[in-house]
Amino acid sequence: MGLGDATARAFAKLPIHGGLRRSLDRVYRPDDPAFRVDYLAGPGDPGDCGPDSVTWRVMANPIVFALGAIPAVILQMAEEGIGKGVDTYSTYKADTLGRTQRTLSAALASTYASTSAKAALMQEVARRHAKVRGPLDDGSRYSAFDPARMTFVHLTAGFGFAEAYHRLIRPLSAEERDRLVAESAAVAGDYGRFAVPRSHREAEDFIRQWAPRLSRRPELDNFLAIARRGSIPGMAGGSSKGLLVTAGIALLPRWARDQLGFPRRPVQEALAFAALRPLARFVPHIMTDTPPQLACRRLGLPEDFLFRQAEAPGAPTLTGSLSRR
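This note's numbering puts the last residue of the sequence shown at 338; the count rises by one with no breaks.
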């Protein structure tokens, strides 16, 4: 454990973090009962990936998730069909918290819940997405169940989370990146039938092939305006507004950043990451009963098992399958 992690542990013991815990609880516990999942159900069932997976480590940190969502949504909203579908059918503009809760709940359930526990939620996600369809400018139509768009959404989300973890927690090796993509194929089955690449290079190539379909659309700018008004739990509202957007844009592939017209801002980006890194290290030490922690409890593991792995890469795992660094 490094000095930064030791400091984070010590600071987390101070009795001043009730507000932050409540903020995190609010995000992790959806108001919509259809999106609540019992992560203790199915004792011994590791779900699709299991605790030795790269996916479980990457998805466990809420700051990583929040940051990784920014480049993912930017790439998705830049595509006409996805952008129009989100802008028309999503409630993110009027109910940002509720939309965040539902998105997070679906992602965490597909990762951490047992097979039986997540079934009803995934059926609900499919039911709500069934109505997402409409016309495109060229006269064709979009649908949330279009296989190619589903693959694009899936891969851009994985890209965002991987890059956020890589920059905030610790670098991911080439092997870990390949494993993350391969593991995501199992998770993808929860959302429908669509093809998913099995390596990091294949995933990057697939996303890059969508470049001709991406543009700086009004729906994208609307999303960024709302995201910039948000604040980060654990940071003063004024100081945190825009931090995630600034850092998230910096995570975009260079070709996408240039094509979508996001100029480089090295000073602001460095300051954003300097603020987010210690927060990402600190937050896990005050979290209680979150889906990743409950999933570990379901399998008889310490609740901080995943965060120990993040802090000490190369430490022994249940099966020894994690890469040694």
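C-beta atoms are modelled at their ideal positions from N, C-alpha and C, and glycine is treated no differently. Keep in mind that this is a model prediction, so the values were computed, not measured.
With respect to Ala79, Leu307 sits apart: the two C-beta atoms are not nearer than 8 Å. For Tyr204, the three-state secondary structure derived from DSSP is coil.
DSSP lists Gly147 as the beta-bridge partner residues of Tyr155. Under DSSP, Glu92 takes part in a beta bridge, and its partners are Leu227. Cβ contact annotation for Pro304 (same chain, cutoff 6 Å, sequence separation greater than five): Tyr52, Leu121, Tyr125, in chain order.
The closest CA to that of Arg214, considering only Ala201, Asp234, Ala293, Phe172, is found on Phe172.
Pro305: member of the alpha helix (DSSP H) spanning 304-311, first to last residue.
In the displayed model, Asn235 falls within a helix according to three-state DSSP. Cβ-Cβ distances below 7 Å link Gln281 to Thr259 in the same chain, with the five nearest sequence neighbours on each side left out; the list follows chain order. For the 8 Å CB-CB criterion, Val209 and His142 do not form a contact. Linking Cys62 to Ala199 through their CA atoms gives a straight-line distance of about 7 Å. In this model, Leu88 and Ala170 are separated by some 9 Å (Cα to Cα).
In the pairwise beta carbon analysis, the segment 100-115 is classified as touching the segment 31-48: at least three pairs are separated by under 8 Å. Taken atom to atom, the span from the alpha-carbon of Glu316 to that of Thr301 is near 9 Å.
The C-beta distance from Pro160 to Phe207 rounds to 4 Å, short enough to fall under 8 Å. Close CB contacts of Ser127 within its chain, under the 6 Å cut and outside five residues either way in sequence, are with Ala54, Gly55, Asp58, Gly60 (chain order). Assignment of Ser127 by DSSP, reduced to helix, strand and coil, places it in the coil class.
Phe174: member of the alpha helix (DSSP H) spanning 160-181, first to last residue. Between Arg229 and Leu185, the gap from beta carbon to beta carbon reaches 8 Å or more.
The alpha-carbon separation between Ala139 and Asp203 amounts to approximately 9 Å.
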